[in-house]
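Residue numbers (the working numbering): 14 to 128. A virtual CB, placed ideally from N, CA and C, is assigned to each residue, including glycine. Accompanying notes for the structure given below.
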Amino acid sequence: TESMALKRMVKIFKNNYALLLFTAITAGITEEILFRGYIQPRLEMLFKNPYLAIVVSSILFGLLHYTYGTVINVLGPIFISLVFAVHYWKFKNLKILIFSHFLWDFILLEIAIHR
């Protein structure tokens, strides 16, 4: 089933493309700085284990999206967060992750408003 929260967002974005773009940009920036730049390194220091930090930060990231209302709206972000977290652990490059996150959100929102 589709998320009611996402359906409401899609209705708003269909009428305001600038808001869709703004949302994708700001989510990419803020979520990557928070989860990859701040939380993941601190979890790595806390656990003294980069793999555990990657998994825990990714689960937290997925849980951040639970208000969208469906299991896939949590599992999808956990999966992409795992990919981004491993990339950050290996390369410590937030810029490419911010851009990738923006692109991911933008494409998913574009698909959603054109269904």
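Endpoints, alpha helix (DSSP H) assigned at R21 = Numbered from its first residue, the sequence shown carries residue 21 at position 8. First-last of the alpha helix (DSSP H) with R21: M17 to N28.
inquiry  = Check whether the stretch 106-114 and the stretch 15-26 are in contact - that is, three or more C-beta pairs closer than 8 Å.
reply    = In this structure the stretch 106-114 does not touch the stretch 15-26; the number of beta carbon pairs closer than 8 Å is below three.
inquiry  = What does the Cβ neighbour count give for I67, buried or exposed, with the cut at 16 atoms within 10 Å?
reply    = Taking the first residue of the sequence shown as 1, we reach residue 67 at position 54. So I67 ends up on the buried side.
R201 in three-state terms, based on DSSP = This structure leaves residue 201 out entirely; the chain is present only between 14 and 128.
message = Let me confirm a value: F26 is counted as buried when at least 16 other C-beta atoms fall within 10 Å, else exposed. Which label applies?
response = Working through the sequence shown from its first residue, we reach residue 26 at position 13. Around the C-beta of F26, 16 or more other C-beta atoms lie within 10 Å, and the residue is accordingly described as buried.
inquiry  = Distance check for V96 and K103, CA to CA, integer angstroms please.
reply    = As a first step, residue 103 is located in the sequence shown; it is residue number 90 there, counting from the start. As a first step, residue 96 is located in the sequence shown; it is residue number 83 there, counting from the start. Rounded to the nearest angstrom, the two C-alpha atoms are 11 Å apart.
query = Does DSSP classify G75 as helix, strand or coil?
reply = Counting from 1 along the sequence shown, the entry for residue 75 is found at position 62. If DSSP states are grouped into helix, strand and coil, G75 belongs with the helices.
query = Do G41 and D118 come within 8 Å of each other at the CB atom, strictly closer than that value?
reply = For the purposes of this step, residue 118 is taken as residue 105 along the sequence shown, with counting starting at 1. For the purposes of this step, residue 41 is taken as residue 28 along the sequence shown, with counting starting at 1. In contact: D118 and G41 (Cβ atoms closer than 8 Å).
message = Going by beta-carbon coordinates alone, are L107 and I52 separated by less than 8 Å?
response = As a first step, residue 107 is located in the sequence shown; it is residue number 94 there, counting from the start. As a first step, residue 52 is located in the sequence shown; it is residue number 39 there, counting from the start. No, Cβ-Cβ distance for L107 and I52 is not below 8 Å.
message = Give me, in chain order, the residues of the same chain whose beta-carbon lies closer than 8 Å to that of I137; leave out the 5 immediate sequence neighbours on both sides.
response = Nothing can be reported for residue 137, as the shown portion of the chain is limited to 14 through 128.
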